Amino acid sequence: MATKSKKGSVWTSLPMQMMYGLILGVVVGAFISSEFATTWLQPLGTLFIRLIRMVVVPLVLATLIAGSAGLGNASKIGSIAIETILTFAVTTAIAVTIGLIVANLMDPGQGLNISTEGLQAKSATAPPLSQVLVEIVPINPVEALGKGNMLQVIFFAIMFGFCVSSMGGKAEMLTEFFQKVGDVMIKMTNIVMIYAPIGVFGLIAYTVTQHGLAVLLPLGKLILTAFVATVLFVCITYLPIIKIIGLNVLTYLKGIFEPWLIAFTTCSSAAALAVNLEASRKLGASKAIASFVIPLGNTINMNGTSIYMGVTAVFAAEVFGMDLTLTQQFEIVLMGVLAAVGTAGVPGAGLIMTTLVFTEIGIPLEAVALIAGVDRILDMIRTSVNVLGDSLTALLVSKFEGTLGKEPFETELEVQDPIG
Ligand code: ASP
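All residue numbers for the sequence shown refer to the working numbering, where the first residue is 72 and numbers rise by one.
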């Protein structure tokens with residue numbers, strides 16, 4: 072229902088303006104040529120993504136330091152970290168499994184009459200697991216920041232925050248300093264968000280010209296399978312979590328609308344990070360927990376990408392006429408979880424990471440090039456879920472820790488009033 076708030080009608084609110092951008096983008100995209108869209112509209116969207124990603128590295132560093140410093144004593148940090156990692160791990164494993172089961176039932180790759188000849192696969196060669204783990208530790212934290220290596224930034228920030236906290240009062244000013252840096256980054260995001268409706272319009276119009284019906288139809292069953300698996304996952308996993316948190320589903324959906332729309336249109340959970348942090352705080356997550364869980368989850372918790380790993384593995388195996396054994400399916404779950412953890416929150420990252428799963432199972436990598444044709448659409452679906460998973464974990468851990476809804480969000484940082 073349209074109600075008047077003191078900041079104006081809901082019809083002119085920022086989320087609604089973004090929605091108008093989305094609808095207009097679909098309509099305009101259906102009529103313009105792909106050349107026009109590439110030259111004139113894609114840059115509008117790219118500019119939005121660059122603006123919004125500009126804040127990510129400083130935001131993650133500052134919020135994670137302040138977040139882990141503010142979590143309290145070592146045993147409290149331990150319990151929050153365990154609850155967070157367990158929620159990430161369980162939801163991720165359920166996601167890959169649901170992807171696998173739904174794909175096995177819907178057979179997205181069966182009867183597909185597409186020649187894989189001449190397709191060039193982009194591949195990521197999987198480094199050994201030991202190397203991946205060792206390289207989480209940066210040799211030079213400044214280099215990690217410069218290169219935007221998020222796992223390394225996270226590792227350094229959590230250790231830094233832990234040390235700040237263990238020094239007590241002597242280092243208290245640092246917690247405050249990084250808290251303020253995080254707040255400034257959110258303020259910067261709010262200013263950038265004024266441009267969001269135009270950015271969303273550019274992104275969607277461009278996507279429609281590139282992925283019109285002609286491109287989508289042959290792989291429609293793959294998209295449908297990913298969609299069904301995602302809806303099922305949300306119903307089986309997220310609805311009970313929302314219930315445990317004690318939120319009304321509609322209240323949650325309304326609160327998470329903006330981060331979702333950014334994720335859906337940009338296909339980048341990193342781009343949605345700042346707005347997700349703010350939205351989750353407004354929904355009741357405590358500051359320290361949201362500041363710890365959301366930047367961490369943004370990099371390692373990818374429920375949507377996990378579903379996609381399961382679905383694409385079955386799809387690709389079917390396209391190449393391979394019968395997956397139970398052991399192979401189990402391997403897909405394991406590799407899918409690892410691949411999703413290693414996926415960066417940027418557009419198309421999951422597609423590259425499927426090669427880890429495919430290589431493990433022995434699926435020809437040409438399948439990657441086949442999926443690439445519709446990957447943007449699949450990315451919109453999976454990034455949406457990636458972002459929801461982080462906010463729900465922050466809310467759930469806040470609930471477990473008894474801090475849910477106990478710290479009202481500072482109104483001076485509200486999106487609607489970015490300049491004032
Ligand atoms: N685009 C996704 C994200 O930003 C990652 C992926 O490609 O799976 O969360």
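Beta carbons are placed, not taken as given, at the ideal position from N, Cα and C, and that holds for glycine.
Since the structure is predicted, the reported quantities are computational estimates derived from the model, not experimental observations.
Should residue i be listed as close to the ligand ASP, given that the test is whether its C-beta is under 7 Å from any heavy atom?
i, result
"threonine 454", "yes"
"glycine 368", "no"
"asparagine 372", "no"
"cysteine 234", "no"
"threonine 376", "yes"
"aspartate 450", "yes"
"alanine 356", "no"
"threonine 430", "no"
"alanine 341", "yes"
"phenylalanine 443", "Phenylalanine is not the amino acid found at residue 443; the sequence shown has alanine there. Because no heavy atom of the ligand ASP lies under 7 Å away, the Cβ of alanine 443 does not count as near it: no."
"threonine 426", "no"
"proline 418", "yes"
"glycine 421", "yes"
"threonine 414", "yes"
"asparagine 347", "no"
"leucine 338", "Rather than leucine, the amino acid found at residue 338 in this sequence is cysteine. Correct: cysteine 338 has its Cβ closer than 7 Å to the ligand ASP."
"asparagine 457", "yes"
Just mark residue i as buried or exposed, buried being the case when its beta carbon has 16 or more other beta carbons within 10 Å.
i, result
"alanine 145", "exposed"
"lysine 358", "buried"
"glutamate 349", "buried"
"leucine 157", "exposed"
"glycine 283", "exposed"
"isoleucine 490", "In this predicted model, isoleucine 490 has a pLDDT of only 41, less than 50, meaning its place in the structure is not dependable enough to derive any value."
"asparagine 369", "buried"
"methionine 244", "exposed"
"serine 469", "buried"
"glutamate 329", "buried"
"leucine 405", "exposed"
"threonine 296", "buried"
"tryptophan 331", "buried"
Output yes or no for whether 8 Å exceeds the beta carbon distance between residue i and residue j.
i, j, result
"serine 237", "phenylalanine 335", "no"
"phenylalanine 272", "glycine 416", "no"
"leucine 135", "isoleucine 229", "yes"
"threonine 464", "asparagine 347", "no"
"leucine 130", "glycine 253", "yes"
"alanine 343", "isoleucine 120", "no"
"proline 268", "serine 339", "no"
- request: Could you tell me which uninterrupted alpha helix (DSSP H) segments, each at least 4 residues in length, are contained entirely in the stretch 317-365, listed from first to last along the chain?
  value: Listed in chain order, they are 320-326, 328-337 and 340-354.
- prompt: Which ranges would you report for the alpha helix (DSSP H) in the stretch 190-241 if only whole runs of at least 4 residues count?
  reply: List check, alpha helix (DSSP H) in window: 200-205, 212-218 and 221-237.
- request: Return the chain-ordered ranges of every alpha helix (DSSP H) run that is complete within the stretch 77-162 and spans a minimum of 4 residues.
  value: Annotation: the stretch 77-162 contains the following complete segments of the alpha helix (DSSP H) (minimum length 4 residues), in chain order: 85-102, 113-124 and 127-141.
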